[in-house]
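The C-terminal residue of the sequence shown carries number 588 in the working numbering, and the numbering is unbroken. Note that beta-carbon positions come from the ideal geometry of N, C-alpha and C, so glycine has one too.
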Amino acid sequence: MTLSNQNTYINNIIRNISIEKSLFWVTAALMLVAILYPASMAIRAAFFENDIFTLAGFERILQLDTIVSDIWNTLIFSAGSMFGATVIGVSLAWVNARTDVPGVRAIEVFCVIPFFLSAFVGAIAWRLLFVPNAGMISMFLTKYGFPEFLLPDIYSLGSMVFIQSVFYSPFMYLYAVASFRQMDPTLEEIARIHGAGNWNTLRKITLSVNGPALLSGMILVFVMSVGTLEVPMALGSAGGNYVLSTRIWALMNNMPQDVTAASALGMIAILIAAIGIIIQRRLLGNRKFTTVTGKGYKSKKISLGRWKWVVFTLAITYIIFAVIMPIVTLILVALQKFWTGSFSMQFFTWANFTTVLFEYDVTARAIKNSLFACSVAATISVIFALILSQIRSRNAEAFMGMLVLLPIVIPGAVFGMMVLFAFVKTPIYNTIFIIIFAYVIAYFYLAYRTIYSVRLSIHPELEQSARIHGASWFQSTRRILTPLLKPGIVSAWLMSFILFIREFSSVMFLYRHGTEVMPVVFFMLMERHSARLAAFMVIQTAILLLIMIIYQRFTSKNATGAAF
């Protein structure tokens with residue numbers, strides 16, 4: 025190789041590296057602005073009224089008779105859901121990853137199905153089962169003499185916590201099961217050698233050394249519960265159990281509208297979420313939790329003896345409550361001309377499905393809008409994640425770690441309000457693109473973490489070899505990196521699509537006539553026509569379950585999945 029050719033190769037490498045870094049920092053800067061600009065507009069709305077600095081919004085919410093109960097309900101709902109989801113999710117993860125319970129593969133599939141469903145769908149299904157005087161189970165029980173006062177109040181705060189826990193437990197399951205499977209079983213074996221039983225080993229060893237993963241999942245569930253509108257709007261509002269998210273919604277949609285007070289409540293919701301994250305950091309501190317070592321080991325299942333059938337029964341009970349009962353209920357209601365509280369062949373019909381698919385323009389438009397918006401948003405998320413996962417410098421990784429965490433701190437309903445304030449006077453207001461923007465920013469962490477985890481397994485020398493032989497950054501990315509990242513890219517796209525199509529809290533602030541997506545129409549039909557609502561929910565559930573099957577088959581072949 026001549027000296028001039030060597031200089032040419034070196035110049036090409038320098039130029040390509042420059043393009044790579046420039047593209048990274050430009051994309052990262054755009055993402056940072058996309059997060060901070062809506063946040064700044066919400067802060068401005070909380071402290072400025074008619075362009076004058078004021079604390080009037082905070083004064084008005086402090087004067088509300090319900091402010092204390094709203095905050096208290098939010099804390100109970102969020103903390104209760106966090107602990108409930110933790111108990112359910114961690115228990116199922118331990119059963120599937122560490123024990124000899126029969127039917128583990130089938131149980132695992134059913135354990136993650138609620139992740140692919142909307143909690144709003146689950147709440148509506150449970151409402152159809154237990155609503156007073158018209159619920160399927162409540163009518164059946166009272167018909168045979170069961171005392172009405174012993175029936176659960178489906179609109180109570182306790183019911184809200186229970187349903188939220190059931191449908192958010194897959195988040196805890198996904199965090200815990202991966203950590204349990206990677207854990208060195210020698211730690212548990214040593215505990216048993218020294219006389220510890222299964223319960224003490226689980227409590228003092230398994231849960232303790234997996235603390236970071238479990239606390240991360242718990243905080244995620246807590247923050248999402250602080251800002252969710254799904255279960256609180258489906259059940260809480262009807263029972264008078266308002267939380268901060270539903271109070272913000274009421275202030276933004278009742279007349280007269282009070283934007284300043286709603287923004288002030290949003291700041292309180294963010295503060296509650298931030299306190300939860302600070303507590304997590306304090307609990308972890310500087311402690312080290314090493315569960316995967318360089319020593320080879322074979323994961324050994326714990327024998328539960330006769331108790332395995334008790335545990336198996338409990339797992340099946342969860343599946344019945346979280347998966348079978350809600351889906352069967354929605355199908356039965358959807359096949360009735362109108363819902364009277366019990367299924368009757370006299371009122372059997374398929375018309376609700378044909379109506380929502382072909383005749384009712386709002387539902388048909390919502391399906392098209394959802395498929396379009398979720399597909400575009402998932403594609404944008406994957407492209408951005410692909411670009412931002414390229415750089416491996418310490419500064420870049422630290423910056424991205426901070427960037428992807430910012431949207432997680434912001435509760436969903438508050439984030440929707442922020443995006444509304446940011447774009448209310450721009451061309452994308454009243455268009456589907458404002459919803460696409462919210463999708464991308466709110467759940468970008470999922471696409472980035474999924475692709476980045478696969479990116480770490482690819483040695484840089486593969487790209488460097490292509491660069492040395494004259495390939496540009498674009499060529500090396502397209503021909504070398506992208507094919508190797510294909511499992512992560514497809515997984516990130518599918519998981520992003522799933523989360524987008526079931527997103528409820530943020531889009532409730534952003535839709536307008538003509539831009540309705542499927543969760544918005546759920547809310548519109550909630551008090552109008554139960555049978556059509558159920559049919560529409562069955563359609564969305566069918567779409568999500570189809571994507572779940574595709575996702576699981578793809579990830580099982582490629583041995584990769586979402587990195588939470």
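Shortest Cα-Cα distance from LEU259 to any of ALA63, TYR179 and PHE546 involves TYR179. Residue range 436 to 447 is occupied by the alpha helix (DSSP H) that includes ALA437.
With respect to the C-alpha of ARG151, the residue from ASP89, MET550 and ARG556 having the closest C-alpha is MET550.
Here PHE186 is near GLY108, since their CB atoms are less than 8 Å apart. C-alpha of ASP89 to C-alpha of GLU83: approximately 12 Å in a straight line. Within the DSSP secondary-structure output, GLU73 pairs in a beta bridge with ILE76. DSSP, read as helix, strand or coil, puts GLN360 in strand. If you ignore the 5 residues before and after SER405, its C-beta comes within less than 6 Å of the C-beta of VAL464, PHE468, ALA471 and SER520, all in its own chain and listed in chain order.
When ILE432, LYS449 and MET160 are compared, the shortest CA-CA separation from ALA466 is found for ILE432. Per the C-alpha coordinates, the member of GLY512, THR455, ALA390 and ALA462 positioned closest to PHE560 is ALA390. Relative to ILE95, the option among LYS45, ALA53, ILE296 and MET248 whose CA is nearest is ILE296.
Taking the Cα positions, PHE439 is about 30 Å away from HIS553. DSSP places THR450 in the coil class of the three-state scheme, outside both helix and strand. From the listed residues THR455, LEU307 and PHE546, the smallest Cα separation to TYR535 is found for THR455.
Nearest neighbour of PHE48 by Cα position, chosen from ILE571, GLU527, PHE528 and MET424, turns out to be MET424. A distance below 7 Å between beta-carbons, with the five flanking residues on each side excluded, links ILE522 to the following residues of its chain, in chain order: PHE140, LEU568 and ILE571.
Looking at PHE457, THR353, LEU430 and ASP124, the one whose alpha-carbon comes closest to that of SER399 is PHE457.
When beta bridges are read from the DSSP output, ILE326 appears opposite THR123.
Shown here, PHE372 sits in a strand according to DSSP, grouped into three states.
In the assembly as shown, ILE344 is an exposed residue. Its beta-carbon has fewer than 16 other beta-carbons within 10 Å.
In this structure, DSSP gives MET163 a helical state, which the three-state scheme calls helix. In the DSSP annotation of this structure, the continuous segment of the alpha helix (DSSP H) that includes ASN393 starts and ends at 385 to 412.
In the structure shown, LEU88 falls within a coil segment according to DSSP collapsed to helix, strand and coil. Taken atom to atom, the span from the alpha-carbon of TYR61 to that of PHE154 is near 43 Å. Where GLY512 is concerned, the enclosing alpha helix (DSSP H) starts and stops at 510 to 526. The beta carbon of PHE524 is closer than 6 Å to those of CYS398, ALA401 and TYR463 in its chain, skipping five residues each way along the sequence. With a cut-off of 8 Å on Cβ pairs, the stretch 108 to 125 is in contact with the stretch 332 to 342, counting three or more such pairs. Three or more beta-carbon pairs drawn from the stretch 279 to 297 and the stretch 70 to 77 are found closer than 8 Å, and the two stretches are therefore classed as touching. Rounded to whole angstroms, the separation of the alpha carbons of ASN277 and ALA80 is 19 Å. DSSP places VAL544 in the uninterrupted alpha helix (DSSP H) bounded by 542 to 549.
DSSP, reduced to helix, strand and coil, places GLN564 within a helical segment of the structure shown.
About 6 Å separates the beta carbon of THR387 from that of VAL545, a gap short enough to meet the 8 Å contact definition.
Within its own chain, the residues whose Cβ lies closer than 7 Å to the Cβ of GLU254, once the five positions on either side in sequence are excluded, are SER142, ALA143, PHE144, ALA147, PHE528 and SER529, listed in chain order. Inter-residue distance for ALA437 and PRO451 is about 22 Å (C-alpha atoms, whole angstroms). DSSP, reduced to helix, strand and coil, places ILE112 within a helical segment of the structure shown.
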